[in-house]
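K.L.:
Quick one: the structure is below, and I'll ask about it shortly.
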Amino acid sequence: MNARPKKSFGQHFLHDRLCIERIVAAIAPRDEDFLVEIGPGEGALTLPLLAAAGKLTAIELDTDLIPALRARAATVGELHIVHADVLKVDFTAMAHSHGVPRLRLAGNLPYYISSPILFHCVEHAAAIEDMHFMLQKEVVDRMAAAPGSKVYGRLSVMLQLACRVEPLFDVPPESFRPPPKVDSAVVRLQPLPPEELHDADPAQLYAVVKAAFAQRRKTLSNALKQVMDSDAIRRADVDPRARAETLSPADFVRLAKVVPTAQ
Ligand code: SAM
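Quick note: the sequence shown uses the working numbering, first residue 2, plus one each step.
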């Protein structure tokens, strides 16, 4: 119990009872769920989730934490620990191997890789029912930002095209050991049904969004020069003089659809 937290693994252990209860209540685990936790650490969320769900799969990279976690969980429920880097875990294969179409994800994420984890989850969105994540508050603000907001960007567009983004509540640094330097927040993400997913090619969509926001103060005709010309931008019903930060996620989908394909 109470291992020395490792900075290199982004370890900030939750010890705020009320916050833990609120997260478990937001998840509201059901018996039939295939619940997967990212980064169980010492089990602050794992044990209450396990008590509520009866069984849980947890993905942890730090070998040193696993024996104590396994021992603590033994009398609580059926805990399956996967020793792996979450970025290498194929959630789609994991759901299928458990014979379920979709799993539920939860976790107080390691902040040093929060954006890669989010993009990784978006790639597997079809195999995910919902996600409840603790993240830096600043990241949650960016995920939920509307066009025109200062923090609206790549993360907002890519997340909002794939999921309903619902910030739930803020968490102060004192709720963790050691306290992180930033405020945190819990967010719920619900992947949109396939019919709401837009039929743009994901690679082209990513390329357009990345180029547009790489130079967010420039007009689109300038920022997208390497990707498409002004006529193509107009064909997508978008003004080439506009800036990326004013475009809706749907505008980006239309742009991605008119990107000339490489031969
Ligand atoms: N869930 C615990 C809690 O709330 O107290 C720990 C949260 S701590 C912020 C993040 C956890 O993710 C740590 O246990 C850390 O070892 C683990 N972790 C870090 N990088 C990881 C990775 N790439 N894949 C899986 N787990 C990782």
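All C-beta atoms in this analysis are idealised placements derived from N, C-alpha and C, irrespective of residue type, glycine included.
With distance defined between alpha-carbon atoms, name the residue in 37, 69 and 251 nearest to residue 162.
P.N.:
Among 37, 69 and 251, the Cα nearest to that of residue 162 belongs to 251.
K.L.:
Among residues of its own chain, excluding the 5 on either side of residue 81, which ones have a beta-carbon nearer than 8 Å to its beta-carbon?
P.N.:
Here the set comprises 56, 57, 58 and 59.
K.L.:
Is DSSP giving residue 257 helix, strand or coil here?
P.N.:
Here residue 257 sits in helix by DSSP.
K.L.:
Would you tell me roughly how many angstroms separate the C-alpha atoms of residue 203 and residue 164, rounded to the nearest one?
P.N.:
Answer to the nearest angstrom: the Cα atoms are 14 Å apart.
K.L.:
Identify the continuous alpha helix (DSSP H) that holds residue 120 and give its terminal residues.
P.N.:
Taken as a continuous stretch (DSSP letters only), the alpha helix (DSSP H) holding residue 120 covers 115-124.
K.L.:
For the ligand SAM, I want to know if residue 74 counts as a neighbour, meaning its beta carbon is within less than 6 Å of at least one of the ligand's heavy atoms.
P.N.:
For the ligand SAM, not one heavy atom lies less than 6 Å from the Cβ of residue 74.
K.L.:
Which partner residues of residue 222 appear in the DSSP bridge assignment?
P.N.:
According to DSSP, which records beta bridges pairwise, residue 222 is partnered with nothing at all.
K.L.:
Of the residues 141, 178, 109 and 138, which one's Cα is nearest the Cα of residue 4?
P.N.:
Of the listed residues, the one whose Cα sits closest to residue 4 is 178.
K.L.:
Considering only residues of the same chain and omitting the five flanking positions on each side of residue 229, which have a CB-CB separation below 8 Å?
P.N.:
209, 256, 259, 260 and 261.
K.L.:
Can you say whether residue 19 is buried or exposed, counting buried as having 16 or more other CB atoms within 10 angstroms of its CB?
P.N.:
That one is exposed.
K.L.:
With a CB to CB cut of under 8 Å and the five nearest residues on each side skipped, what residues in its chain are close to residue 181?
P.N.:
Answer for residue 181: 13, 112, 137 and 174, listed in chain order.
K.L.:
Looking at the structure shown, is residue 264 part of a helix, part of a strand, or coil, going by DSSP?
P.N.:
At residue 264, the pLDDT of 42 sits below 50, so the modelled position is not reliable and the matter cannot be decided from this model.
K.L.:
Going by CA-CA distance only, name the one from 241, 201, 70 and 187 that's closest to residue 169.
P.N.:
Nearest of 241, 201, 70 and 187 to residue 169, Cα basis: 187.
K.L.:
For residue 168, which beta-bridge partners are listed by DSSP?
P.N.:
For residue 168, which the question treats as bridged, DSSP gives the partners 188.
K.L.:
Measure the alpha-carbon distance for residue 190 versus residue 131 and round it to whole angstroms.
P.N.:
Cα to Cα, the separation comes out at about 6 Å.
K.L.:
So for residue 58, helix, strand or coil by DSSP?
P.N.:
In the structure shown, residue 58 sits in a strand (DSSP, three-state: E or B).
K.L.:
Apart from the five residues just before and just after residue 99, which ones in its own chain have a Cβ nearer than 7 Å to its Cβ?
P.N.:
35, listed in sequence order.
K.L.:
Report yes or no: is there a C-beta of chain C within less than 7 Å of the C-beta of residue 140?
P.N.:
Absence of chain C from the displayed structure is noted, only one protein chain being present.
K.L.:
Helix, strand or coil for residue 12, going by three-state DSSP, please let me know.
P.N.:
Looking at residue 12 - three-state DSSP - the assignment turns out to be coil, as it is neither helix nor strand.
K.L.:
Short check: CB of residue 166 to CB of residue 145, under 7 Å?
P.N.:
Yes, the pair counts as a contact, with Cβ atoms nearer than the cut-off.
K.L.:
Here's a check: name, in chain order, each residue in its chain whose Cβ is nearer than 8 Å to the Cβ of residue 25, leaving out the five neighbours to either side.
P.N.:
Same-chain partners within the cutoff: 46, 49, 50 and 53.
K.L.:
Does the ligand SAM have even one heavy atom less than 6 Å from the beta-carbon of residue 41?
P.N.:
Checking the Cβ of residue 41 against the ligand SAM gives yes.
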